[in-house]
Amino acid sequence: MNLSIKSMFRRLWRQRLFSFLNIAGIAVSVSACWVIYRIVSYEYSFDSQLPDRAYTYRLVTGLMFDIKENYNGGVSKPMYQAMREQVPGLKRVVPVFGQWVNNAETKDQQQRPVVVDDVKEVVATDSSYFMMVPYTWLAGNPATALQAPESVVLTESRARSYFGTLSPQAILGRTITYNKEKTRTVTGVVKDLGYPSEFTAKEFFKLPLIEYELAEWTNTNGSDKVYLQMAAGADTGRVMAQISKIGADKWSEQTKHWNLPSTVKRWFKLMPFEDSHFSTYISEGSGHKANRSVMRGLIGLGILLVIVACINFVNLTTAQLPQRSLSIGVRKVLGSSNTQLMRIIMGETFLIVLLAILAAFPLTTIAYRFLGDIIPEGMMNYTAGWGIVLFLAALLTGITLLAGSYPAWLMTRVQPAGIIQGQGVLNTGNNRRLALRKVLIVFQFVIAQVFIAGTLIMGAQMNYTLKKELGFNKDAVVLIDIPWKLVQNPAYTNKQYVLAEALRNETGVAAVSVGRPPLSDGYSSSMYEYYNGKKQDPARRQVYKKFIDTAYIRTYHMQLVAGRNIRPSDTTNEFVLNETAVKGLGFASPQEAIGKMIGQVSEQKFPIVGVVKDFHTRDFHATMEPVALMAHKDGSNGLNILLTGNDPAQWQATLKMIEQKWHAMYPGEEWTGKFYDQTLAALYKQDRSDSKLVNLATGVAIVISCLGLFGLAVLVAFQRTKEIGIRKVLGATVTGIVQLLMSDFVKLVTIAFIIATPIAWWGMDRWLRGFAYSIKIEWWMFALSGVIAVLIAIFTVSFQAVKAALSNPVKSLRTV
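Each residue of the sequence shown is one higher than the one before, counting from 1 in the numbering used here.
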């Protein structure tokens, strides 16, 4: 046994170039698969330990305005009570309503004041929540902890932030005052969930039982979630029908009450809980989501990279068979069976794959650093346990069998008689085997060229999204997001306006506006209507509201196409619409809209005083939205600062001055200023992540494919050694011989290009459909990918081709 292992190592060392190429190719693919496995296993591990997961569902809300359909992860608050009362077959209905907490005050174990601002991850619920989610209780009783009206349950980490090292039992009975007005008593402490979960809350308030009015059925907040678990034997279809009836009845009441048009619809959808983490189409208040299609794509990518690596191994290994045929023939003459020969090859393959996996450890660490900005948050803290060991063991076994089986079988086809008589080295149907290797090379380069084309097109789309005209100026604009805790703090009332006025007088500042930036999530929507006097029913349209001041349009260089800007005001008394809103409300032109009275349904109407050219309010995955700009002093908590000039050094100096002004106005508060283009780039994080993964896959596929080409070049040069010698004796030039050897490879890459082009076009066309505004796929993108592939092939093969062309023909013809 030891002798066999030593023999394998000696052989690997003698053929160290090929050994290195084999190990490198497999190591790169294993490293890529390792990263993919960590990402995919992390995403699929969300709430995998939830009891009765198969019987757990989420209720979400479907909304339709005109013909546009979307889903909201929230549910009207009264719905959970209605389901408990009217829907049989439910084991439990669990409300989880997000809570806004500006600050929390308590005392630590030394009775020193503890004040925490902007408290996150707080929900209101009841005891049913702890029956559904398997928390470990450190103190308190899950059945009674949320019975008292002003009770609160804390997770261990949140309790530690309030009370330090005080034991969970000692924390019971302590009080916490929220928003300086409501005091709650700690009635329980639970251990934080030790696995990835969408249940991220760390403080749990008692949800009060109240009687909701009809108006509450129209409110849908993405942070107000409702879960339900089916009873044993319950008919899911019947339960959904009963839920739909409740929703339809209430919507009918609302439609009559608000006189809503038939184009506005609302319904409920029952979503299996196992789909919740992958429901990227649903608008949520917060929380990490994963795209199931992307996960499947990553799995497919990993499989492709393993196949490419195995193909590379097969080509490199079979390229060495002519050199190994003599030793194999001798072994056969000495009595070695085919099974023994196959064991030798499979053993060498196993050893190479094992060394490749060991080499993949540092490569994977490097890959994590390269992909750091797209690795899911929390993944690196998630321990996969024995899963990663089993995964690597499966890779070791699978790659060994997949890559080693064909070369091992090929070894058994060596005929010792032919070797001894000098009549040839292999009886393997050389032409057929070479054709198979060429097919494998074509397959490798099809994959590589698909990735190259994908990289070019995705890069062009990312460049387009960052440079396309947005309808407003984004350059040299600094954003300061003022937390609501400061806006609503009496000590800082209207300080954002004082700061804005102070900055307007500073050198380096061109304009300052108070409001949310154009492309952001800082606005809501409402149903607006316009009575044109000719129709009994008004024109109605869902319009997004954005609160601004008089400097807003000037700061962002928005173009007024009709009318004027709004006048200074603390409250809404006039509107500026964008062109999409004008069309949606039925006006033939921007000029026609000026002076017309519009407003929210059943509320006071105000005049349209201006129309601005359409501007983007969301990323390029969404179409242009109808927007109404209006004054509303209490609704603005952001500063938009346009800097002068175009000198980055001057901008940095001005930014430092603005930061000093900020700290003078809000002492001790965190500085949040940043350039707007940084914020816009963050909107395309997922797209940039996809692009980066494709770039990485492209690099891996190219590297492995080049190794395969190199192996085939070695094989061809070896097989044609005597032919090359004869050609040189007959006067062939080095250039002619190099062209002769390269022509076959260029043909293979060309065939791969023909196959890869329609595949790449189909895939990229589907990807671009996810953008409302995208580039047009051009022919030159595929031509460029083909040229790149040909150049890569030429560069890879040229070394071996030139080496063969420069060889001494006397040595190659000596045995003739």
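Cβ atoms here follow ideal geometry from the backbone N, Cα and C, with glycine treated the same way.
Just so it is clear, the structure is predicted and the values come from calculations on it, not from any experiment.
Requested in this report: Out of S520, T654, A248, point me to the one whose CA is closest to E625's CA.
Outcome: Translated into positions along the sequence shown, residue 625 becomes position 625. Among S520, T654, A248, the Cα nearest to that of E625 belongs to S520.
Report task. Taking Y406 as part of the alpha helix (DSSP H), name the residues at either end of that continuous run. Result -> Within the sequence shown, numbered from 1, the residue matching residue 406 stands at position 406. Start and end: 386-411.
**Report entry** beta-carbon Q496 near the ligand GDP non-hydrogen atom, thresh 6 Å
**Finding:** Absence of the ligand GDP is noted for the structure shown, with no ligands found whatsoever.
Query raised in the report: Based on Cα-Cα distance, which residue from G73, L784, I482, P568 lies nearest to N219?
Result: Along the sequence shown, read from residue 1 onward, the residue named residue 219 stands at position 219. Nearest C-alpha to N219: G73.
Query raised in the report: beta strand (DSSP E) containing V264: first to last residue?
Result: On the sequence shown, position 264 is the one that residue 264 refers to. Where V264 is concerned, there is no enclosing beta strand (DSSP E), given that its DSSP letter is neither H nor E.
Report task. Could you tell me whether the segment 592-608 touches the segment 644-653, using the rule of 3 or more Cβ pairs below 8 Å? Result -> The segment 592-608 makes no contact with the segment 644-653: fewer than 3 CB pairs, one atom from each, lie closer than 8 Å.
Report task. Compute the Euclidean distance between the alpha carbons of Y666 and A201, then round it to the nearest angstrom. Result -> Position 666 of the sequence shown, counting from 1, holds the residue named residue 666. Position 201 of the sequence shown, counting from 1, holds the residue named residue 201. Approximately 29 Å, taken between the alpha carbons.
Query raised in the report: Do the segment 35-43 and the segment 364-381 touch if we need at least three Cβ pairs shorter than 8 Å?
Result: yes
Query raised in the report: Would you say the segment 473-486 touches the segment 787-807, given that touching needs at least three Cβ pairs under 8 Å?
Result: no
Report task. Starting from the Cα of F472, find the closest Cα among Y531, I548, K613 and give me that residue. Result -> Residue numbering aside, residue 472 sits at position 472 when the sequence shown is read from its first letter. If we check each option's Cα against that of F472, K613 comes out closest.
Requested in this report: Would you mind working out which of K225, A234, V264, K269 sits nearest I243, comparing C-alpha positions?
Outcome: Counting from one through the sequence shown, the residue named residue 243 turns up at place 243. Here the closest residue by C-alpha is K269.
Query raised in the report: In terms of DSSP beta bridges, what is F675 paired with?
Result: Here the question's residue 675 lines up with position 675 in the sequence shown. Beta-bridge analysis with DSSP links F675 to V478.
Query raised in the report: When DSSP labels each residue in this structure, what does L341 get in the three-state scheme?
Result: Taking the sequence shown and counting its residues from 1, one reaches residue 341 at position 341. The answer is helix: DSSP assigns L341 an H, G or I state.
Query raised in the report: Under 7 Å between the Cβ atoms of A408 and I366?
Result: Position 408 of the sequence shown, counted from the start, is the residue given in the question as residue 408. Position 366 of the sequence shown, counted from the start, is the residue given in the question as residue 366. In this structure, I366 does not lie closer than 7 Å to A408 by Cβ.
Query - Beta carbon of V28 nearer than 7 Å to that of V703 - result: Along the sequence shown, one-based indexing puts residue 28 at 28. Along the sequence shown, one-based indexing puts residue 703 at 703. Taking 7 Å as the Cβ cut-off, V28 and V703 qualify as a contacting pair.
Query raised in the report: With respect to the beta strand (DSSP E) encompassing Q600, which residues constitute its N-terminal and C-terminal limits?
Result: In the sequence shown, residue 600 corresponds to position 600, counting from 1. Looking at the DSSP string, the run of the beta strand (DSSP E) that includes Q600 is 597-600.
Query raised in the report: Are at least three pairs of beta-carbons, each pair with one atom in the segment 630-643 and one in the segment 552-570, less than 8 Å apart?
Result: yes
Query - Pair within 7 Å by beta-carbon distance, E156 and K191 - result: Position 156 of the sequence shown holds residue 156. Position 191 of the sequence shown holds residue 191. Taking 7 Å as the Cβ cut-off, E156 and K191 qualify as a contacting pair.
Query raised in the report: Enumerated in chain order, which unbroken segments of the alpha helix (DSSP H) with a length of 4 residues or greater are wholly contained in the segment 8-64?
Result: 16-44
**Report entry** S279 - DSSP class collapsed to helix/strand/coil
**Finding:** Translated into the one-based positions of the sequence shown, residue 279 becomes position 279. In this structure, DSSP gives S279 a state outside helix and strand, which the three-state scheme calls coil.
Query - Supposed close pair L214, E253 - CB separation, criterion 8 Å - result: Residue 214 sits at position 214 when you count from the first residue of the sequence shown. Residue 253 sits at position 253 when you count from the first residue of the sequence shown. The C-beta separation of L214 from E253 comes to about 6 Å, placing the pair in contact by the 8 Å criterion.
Query raised in the report: If A360 and V700 are in contact, beta carbons under 8 Å, what's the gap, nearest whole angstrom?
Result: Position 360 of the sequence shown, counting from 1, holds the residue named residue 360. Position 700 of the sequence shown, counting from 1, holds the residue named residue 700. Contact flag wrong, Cβ pair sits at about 12 Å.
Requested in this report: Tell me whether the beta-carbon of L642 lies closer than 7 Å to the beta-carbon of A500.
Outcome: Position 642 of the sequence shown holds residue 642. Position 500 of the sequence shown holds residue 500. No, they are not a contact pair.
**Report entry** Cβ contact (3+ pairs, closer than 8 Å) linking the segment 136-149 and the segment 105-114
**Finding:** no
Report task. Following the continuous alpha helix (DSSP H) through K583, name the residue where it begins and the one where it ends. Result -> Reading the sequence shown from its first residue, position 583 is the one you call residue 583. Unbroken alpha helix (DSSP H) run through K583: 579-584.
Requested in this report: For T572, count neighbouring Cβ atoms within 10 angstroms of its own Cβ and tell me buried if that reaches 16, exposed if not.
Outcome: Here the question's residue 572 lines up with position 572 in the sequence shown. T572 comes out buried.
Query raised in the report: Are G188 and G140 closer than 7 Å when you measure CB to CB?
Result: For the purposes of this step, residue 188 is taken as the residue at position 188 of the sequence shown. For the purposes of this step, residue 140 is taken as the residue at position 140 of the sequence shown. Contact flag set, yes.
Report task. Would you kindly check if the distance between the Cβ of T339 and the Cβ of Y684 is under 7 Å? Result -> The residue labelled residue 684 in the question sits at position 684 within the sequence shown. The residue labelled residue 339 in the question sits at position 339 within the sequence shown. No; because the gap between Cβ atoms is not below 7 Å, this pair is not in contact.
Report task. Give me the Cα-Cα distance between Y818 and P517, rounded to the nearest whole angstrom. Result -> Within the shown structure, residues of the chain are numbered from 1 to 816, placing residue 818 beyond reach of any answer.
Query - Helix, strand or coil at M295 [DSSP, three-state] - result: Within the sequence shown, numbered from 1, the residue matching residue 295 stands at position 295. Three-state result, M295: helix.
Query raised in the report: Span of the beta strand (DSSP E) holding R541?
Result: Here residue 541 refers to the residue found at position 541 of the sequence shown. R541 -> beta strand (DSSP E) spans 539-548.
Query raised in the report: Mind checking whether V694 and G454 have CB atoms under 7 Å apart?
Result: Here residue 694 refers to the residue found at position 694 when the sequence shown is read from its first residue. Here residue 454 refers to the residue found at position 454 when the sequence shown is read from its first residue. A Cβ-Cβ contact shorter than 7 Å links V694 with G454.
Query - I553, DSSP secondary structure in three states - result: In the sequence shown, counting from the first residue as 1, residue 553 sits at position 553. If DSSP states are grouped into helix, strand and coil, I553 belongs with the helices.
Query raised in the report: For the beta strand (DSSP E) that contains W821, what are its first and last residues?
Result: Beyond the ends of the chain as shown, which are 1 and 816, falls residue 821; an answer cannot be given.
Query - Among P362, P483, A403, the one whose alpha carbon lies nearest that of T672 - result: The residue given as residue 672 occupies position 672 in the sequence shown. Comparing Cα-Cα distances from T672 to each of P362, P483, A403, the minimum goes to P483.
Report task. Using beta-carbon positions only, say whether P590 and V601 come within less than 7 Å of one another. Result -> What you label residue 590 is simply residue 590 of the sequence shown in a count that begins at 1. What you label residue 601 is simply residue 601 of the sequence shown in a count that begins at 1. No, these two residues do not count as a Cβ contact at 7 Å.
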